[in-house]
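> In the numbering used here, the protein residues as written are 585 to 1247.
1. Using DSSP with H/G/I as helix, E/B as strand and the rest coil, what is residue 1147?
2. Considering residue 697, what are the terminal residues of the beta strand (DSSP E) in which it resides?
3. Residue 724 and residue 698: beta carbons closer than 8 Å?
4. Buried or exposed for residue 922, going by 16 or more other Cβ atoms inside 10 Å?
5. Quick one, are the C-beta atoms of residue 803 and residue 747 less than 8 Å apart?
6. Could you compute how far the alpha carbon of residue 609 sits from the alpha carbon of residue 1098?
7. Does the stretch 798–813 come close enough to the stretch 637–645 to have 3 or more Cβ pairs within less than 8 Å?
8. Would you check if the distance between the CB atom of residue 1009 and the CB atom of residue 1020 is smaller than 8 Å?
9. According to the neighbour-count rule (16 or more other Cβ atoms, all chains shown, within 10 Å of its Cβ), is residue 1225 buried or exposed?
10. Please list the terminal residues of the continuous beta strand (DSSP E) segment that includes residue 914.
11. Tell me which residue opens and which closes the alpha helix (DSSP H) that residue 991 is part of.
12. Leaving out the 5 sequence neighbours to the left and right, which residues in its chain are closer than 6 Å to residue 925 when beta-carbon positions are compared?
13. Give me, in chain order, the residues of the same chain whose beta-carbon lies closer than 8 Å to that of residue 1147; leave out the 5 immediate sequence neighbours on both sides.
14. Along the beta strand (DSSP E) that carries residue 1022, what are the first and last residues, could you check?
15. With residue 1065 as the anchor, note down where its beta strand (DSSP E) starts and where it stops.
16. What residues in its chain sit with their C-beta under 8 Å from that of residue 629, if we drop five residues either side in the sequence?
17. Determine the extent of the alpha helix (DSSP H) in which residue 1041 is found, giving its start and end residues.
18. Note down the Cα distance separating residue 943 from residue 658, rounded to an integer number of angstroms.
19. Determine, using beta carbons only, whether residue 1192 and residue 1182 come nearer to each other than 8 Å.
20. Going by CA-CA distance only, name the one from 986, 809, 704, 758 that's closest to residue 719.
21. Assuming contact is defined by CB atoms lying nearer than 8 Å, are residue 613 and residue 653 in contact in what I supplied?
22. How would you call residue 839, buried or exposed, if buried means at least 16 neighbouring beta carbons within 10 angstroms?
23. Just reading off the alpha helix (DSSP H) that residue 877 is part of, what are its end residues?
24. Can you find the residues in the same chain that come closer than 8 Å, C-beta to C-beta, to residue 1198, ignoring five residues on each side of it along the sequence?
25. At which residues does the beta strand (DSSP E) containing residue 1165 begin and terminate?
26. May I ask which residues mark the beginning and end of the alpha helix (DSSP H) holding residue 1086?
27. Answer yes or no: do residue 899 and residue 1070 have a C-beta to C-beta separation smaller than 8 Å?
28. Go ahead and label residue 1145 buried or exposed: buried means 16 or more other beta carbons lie within 10 angstroms of its beta carbon, across all protein chains shown.
29. Quick one: is residue 1165 buried, meaning 16 or more other Cβ sit within 10 Å of its Cβ, or exposed?
30. Nearest to residue 1087 by CA position, among 945, 1142, 1184, 1188, is which residue?
31. Within its chain, find whatever has a CB closer than 6 Å to the CB of residue 1053; leave out the 5 residues flanking it on each side and keep chain order.
32. Closest to residue 948 by CA distance: which of 930, 959, 797 is it?
33. When DSSP labels each residue in this structure, what does residue 1248 get in the three-state scheme?
34. How is residue 648 classed by DSSP in three states: helix, strand or coil?
35. Distance, Cα to Cα, residue 1244 vs residue 1104?
36. Do residue 1059 and residue 1016 have their beta-carbon atoms positioned less than 8 Å apart in this structure?
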């Protein structure tokens, strides 16, 4: 046995003659590929080359996963293109060395296997994945504005075909163990109890590498240019090269340079030098650390809710209940009758089918955890009680007075209100300290952010438990203070209002949306209003701004005519098959995007000044993950070119055009 600081190389003395290399980065709960660990891997490979075993199994000694990727902290310290190239070359040459070892090599993957961790596994001859929910494989470098430079762009397309490989690399999305096996990324998918025996058998089997289907050979060869062209069109439909150069670089490097980023000339837009010079990578790494900060909220609580009671089976309440059931929590869903609850259960069933990819057994288990409860009996046993009824202060006060009498001590009482103050709702409670806000966004399953709202009297422990509950659902909790619109709706309101004012002034809705899409927003503001619902926008504006605010004229005309947007088939746009039917955008006036974004920036700064969020970084995190604000900018307050033009005292009144999620 050879023990290094971050790994152990063991010869177990078995008759099969295998060596086992366990990754165990010192002082960390997860394995990341630091410079020091890479050096130790090189030393371990040298020892194995000097005394070759019959095979090598690479596994993790960490319970949290295989390898989470490269060390992001080290990446942030890179200060030149030369240093970036040196880091890529170090990993590329090490994994090429692994691939050339004369004996069989196998990666035993349990838990997350991301980025450089997957590139390490790809350099092995065999891969076994452990069939557990925590086993996820991905090349998420594109989400940090960089490319998989340690062999992933070369080996993944060759192994599973360029279509599936480019999909993984260009989106950064992960796949589970069973999907990895079906794609051919893994040779075997096994339960934990047999994983070591399975690794031993496969590593010594002499089994030849998986033969590639004929069509994959064509797509990696003569049809490469056609595949690359199609991939570029798909990327262009979602992102501009000047905003996100990495996905374009991935396609270019795979097509023109065999997946080797080191072979790209310095003057090429796909070069490491060009990617490093772009501010996008630095800003996306900033966004990564903002996300990690949000993940930290709730960690100081050992609260582990097993039962949740949701009151209100509308779109929001029903989808919150479904999300809880998906994540293993037993949920009781209350409304006035079973008939009112039934649509939510039907939506949940379809949701579970999609999430479990046709695994009827798992979908059935999830649906069994979602229990219709028109009488509200589940409130007495719940660890968390969430109110998601319509936005009426008196109705919410009366409901919480009843729920408080039923709830067990220590249960979290939470409202999903989007516009009412927590302290106003809490006046109906005998102990107003128990009430907090847990504010989800629509669509619940897709939006990563959840605002955890502190009322004037909210108890600290209740807030910690609320944040822990949000993390239990794999969402990002953002602590905010009770104020009109909290953070996300407070900044979206003036943004949406300014966009609708532009339409009132005669600028086509298509032009407004095109301007903001070019800016980097995931959806134009007018389309977003249509998607949310024009009636919801009007109601939100009244709740957040008061009855005296002047609403956009066209908005009110459309609502009066019954044109409510996507749900009615007609709003600012006509809708067909769930898509807006847009005309030509026309010429975008100079400064249009800046004009519409400026109130959002001013509102964000004001939320920081007024203590709605603790600091500018949390404000940036909330607006990025809660509104989709262009991540390549690093966040609204980090985005200095426009921020500098926006006076703090700018008028950011919320009027009737303010946007909140559909309820």
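C-beta: ideal position from N, C-alpha, C; glycine also.
The structure says:
1. Working through the chain shown from its first residue, we reach residue 1147 at position 563. Here residue 1147 carries a coil assignment [DSSP, helix/strand/coil].
2. For the purposes of this step, residue 697 is identified with residue 113 of the chain shown, where counting begins at 1. Start and end: 696–698.
3. As a working note, residue 724 is residue 140 in the chain shown. As a working note, residue 698 is residue 114 in the chain shown. Taking the C-beta atoms as reference points, residue 698 is found nearer than 8 Å to residue 724.
4. The sequence position of residue 922 within the chain shown is 338, counting from 1. It is exposed - the Cβ of residue 922 has fewer than 16 other Cβ atoms within 10 Å.
5. Locating residue 803 in the chain shown gives position 219, where the first residue counts as 1. Locating residue 747 in the chain shown gives position 163, where the first residue counts as 1. Taking 8 Å as the cut-off, the Cβ atoms of residue 803 and residue 747 count as close.
6. For the purposes of this step, residue 609 is taken as the residue at position 25 of the chain shown. For the purposes of this step, residue 1098 is taken as the residue at position 514 of the chain shown. In this structure, the CA atom of residue 609 is about 47 Å from the CA atom of residue 1098.
7. Flag = no, the stretch 798–813 and the stretch 637–645 do not touch.
8. Along the chain shown, read from residue 1 onward, the residue named residue 1009 stands at position 425. Along the chain shown, read from residue 1 onward, the residue named residue 1020 stands at position 436. Cβ distance not < 8 Å, so residue 1009 and residue 1020 don't count as in contact.
9. Counting from one through the chain shown, the residue named residue 1225 turns up at place 641. Bear in mind that a pLDDT of 47 at residue 1225, under 50, signals an unreliable position, so the model cannot answer this.
10. Locating residue 914 in the chain shown gives position 330, counting from the first residue. Looking at the DSSP string, the run of the beta strand (DSSP E) that includes residue 914 is 914–918.
11. In the chain shown, residue 991 corresponds to position 407, counting from 1. It is not in any alpha helix (DSSP H) - residue 991 carries neither H nor E in the DSSP assignment.
12. Numbered from its first residue, the chain shown carries residue 925 at position 341. Excluding residues within five positions, the ones whose Cβ falls inside 6 Å are 897, 917, 919, 956.
13. Locating residue 1147 in the chain shown gives position 563, where the first residue counts as 1. Same-chain partners within the cutoff: 1118, 1154, 1155.
14. Reading the chain shown from its first residue, position 438 is the one you call residue 1022. Under the DSSP assignment, residue 1022 falls in the beta strand (DSSP E) whose first and last residues are 1019–1023.
15. Locating residue 1065 in the chain shown gives position 481, counting from the first residue. Per DSSP, residue 1065 belongs to the beta strand (DSSP E) from 1060–1065.
16. Along the chain shown, one-based indexing puts residue 629 at 45. Cβ neighbours of residue 629 beyond the five flanking positions: 678, 681, 682, 685.
17. Along the chain shown, read from residue 1 onward, the residue named residue 1041 stands at position 457. First-last for residue 1041: undefined, no H or E at that position.
18. Within the chain shown, numbered from 1, the residue matching residue 943 stands at position 359. Within the chain shown, numbered from 1, the residue matching residue 658 stands at position 74. Answer to the nearest angstrom: the Cα atoms are 40 Å apart.
19. Position 608 of the chain shown holds residue 1192. Position 598 of the chain shown holds residue 1182. Pairing residue 1192 with residue 1182 gives a Cβ-Cβ distance that is not under 8 Å.
20. Counting from 1 along the chain shown, the entry for residue 719 is found at position 135. Scanning 986, 809, 704, 758 for the CA closest to the CA of residue 719 turns up 758.
21. By 1-based counting over the chain shown, the position of residue 613 is 29. By 1-based counting over the chain shown, the position of residue 653 is 69. Contact flag unset, no.
22. In the chain shown, counting from the first residue as 1, residue 839 sits at position 255. With 16 or more other Cβ atoms inside 10 Å of its own Cβ, residue 839 counts as buried.
23. To locate residue 877, count along the chain shown from 1; it is residue 293. Run containing residue 877: 863–880, per the alpha helix (DSSP H) assignment.
24. For the purposes of this step, residue 1198 is taken as residue 614 along the chain shown, with counting starting at 1. Cβ neighbours of residue 1198 beyond the five flanking positions: 1063.
25. Reading the chain shown from its first residue, position 581 is the one you call residue 1165. Its beta strand (DSSP E) spans residues 1163–1165.
26. Locating residue 1086 in the chain shown gives position 502, counting from the first residue. Element bounds for residue 1086: 1072–1088.
27. Position 315 of the chain shown, counted from the start, is the residue given in the question as residue 899. Position 486 of the chain shown, counted from the start, is the residue given in the question as residue 1070. Taking 8 Å as the Cβ cut-off, residue 899 and residue 1070 do not qualify as a contacting pair.
28. As a position in the chain shown, residue 1145 is number 561, starting the count at 1. Residue 1145 is exposed by the Cβ-count criterion.
29. Taking the chain shown and counting its residues from 1, the one referred to as residue 1165 is at position 581. Per the 10 Å Cβ criterion, exposed.
30. As a position in the chain shown, residue 1087 is number 503, starting the count at 1. Minimum Cα distance to residue 1087 is reached at 1142.
31. Residue mapping note: residue 1053 aligns to position 469 of the chain shown, counting from 1. Closer than 6 Å at the Cβ level, and outside the excluded window around residue 1053, lie 889, 968.
32. For the purposes of this step, residue 948 is taken as the residue at position 364 of the chain shown. The option with the nearest alpha carbon to residue 948 is 930.
33. This structure cannot settle anything about residue 1248, because the visible part of the chain is limited to 585 through 1247.
34. Within the chain shown, residue 648 is the residue found at index 64, counting from 1. Residue 648 falls in the coil class under three-state DSSP.
35. By one-based count along the chain shown, residue 1244 stands at place 660. By one-based count along the chain shown, residue 1104 stands at place 520. Interpretation of residue 1244 is limited by its pLDDT of 32, a score under 50 that renders its predicted location unreliable; the figure taken from the coordinates is listed afterwards. Going by the C-alpha atoms only, they are around 21 Å apart.
36. As a position in the chain shown, residue 1016 is number 432, starting the count at 1. As a position in the chain shown, residue 1059 is number 475, starting the count at 1. For residue 1016 and residue 1059, no; Cβs fall outside 8 Å.
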